Structure formats: C-alpha cells, structure tokens
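To start, the structure itself, in structure tokens.
Residue numbers (full-length UniProt numbering): 1 to 172.
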C-alpha cells in the first residue's frame, strides 16, 4: 500500500510539474502575443504599416512571424519606391513634351523677333551714319572757313616775323 501511495504521490507531483510548465508556457505565449500585438499596433499606426497590413486582421497578424512582418514592410517600401519612380518618370515625360512643344512654338516667334530687331538695328545704323556724315561735313566747312581766316593772317605773320628777324640780326 505504501508503494501505491508513493507512486500516487510521485504521479501527482509529476502532474503538478507538468501543469506548472504548461502555465509558464502559456504565460510566455501570452506575453509574446501581447508584445507582438503592441508592435503591430505601432506598425499599423504608421502610414507604411497601415498600407502593408490593411487587408490582414490583428488576430491573423499575431500568428505571423516577425520576419514575415518585416519582409512585408520592406516589400511595401519597394512597391512605394517603384510607384514614386514611375510617377516621376511620367512627370518628366510630360515636362519634356511640354518644353519641346513650347520650343517648337517659340522658334518662329524668335525668328520673327530677330528679323524685326535686325531691321530696326539697320535703320538706326543708317540714321546714325547719316548724322555722322552731316556732322563731318559741318566740321569740314568750319575747318575750311577757319583756314581761310588764317590764310589772310599769314601775310601779316610773315611780315611780322621778317621784321623781328631783321631787328635781331641787326642787333647781332
């Protein structure tokens, strides 16, 4: 009977150990689920996380591997990066097309403006050239008039110089 009692006590102790192990494992599992749930809540609050996990419930996410969650976030980042690059490429094409069209429209206008400016410049040059020529004619007339006046005085100058030269040579 004592053997039976000892065996029964041993069995009860073994069952208590098993129950304690099970309880500790359940606590660990609950803590793990709680931390995963908190982390997922934080991830879902971010814009990227909300997009990556919009179709998945929290209960489903709790059972997912953290590596899978990170991979899903990275995948979402790559997807957004690709979409952004595509949008930028399309925008660049639109701007390039617009600039080319603008240039094609501007070329005739630029040629016309250049031709108008060339004509104005030519007219201005001709006007300035005429003015320069008339000024030179006026200056030449004045110079000739001045020369005439001076030539009348030339005879007086020659007489004066000859008197002075004669007076000096007489002194020496």
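Don't be surprised by glycine CBs; every beta carbon is placed ideally from N, CA and C. The structure displayed is predicted, hence computed values, not measured ones.
Item	Value
Across the region 69 to 89 and the region 105 to 121, are there enough close Cβ pairs to call them in contact, namely three or more that are closer than 8 Å?	no
Where does residue 136 sit, in a helix, a strand or coil, going by DSSP?	helix
Looking at the structure shown, is residue 153 part of a helix, part of a strand, or coil, going by DSSP?	helix
Just mark residue 31 as buried or exposed, buried being the case when its beta carbon has 16 or more other beta carbons within 10 Å.	exposed
Going by DSSP in three states, residue 1 sits in which element: helix, strand or coil?	coil
Quick one: what does DSSP say residue 46 is sitting in, helix, strand or coil?	coil
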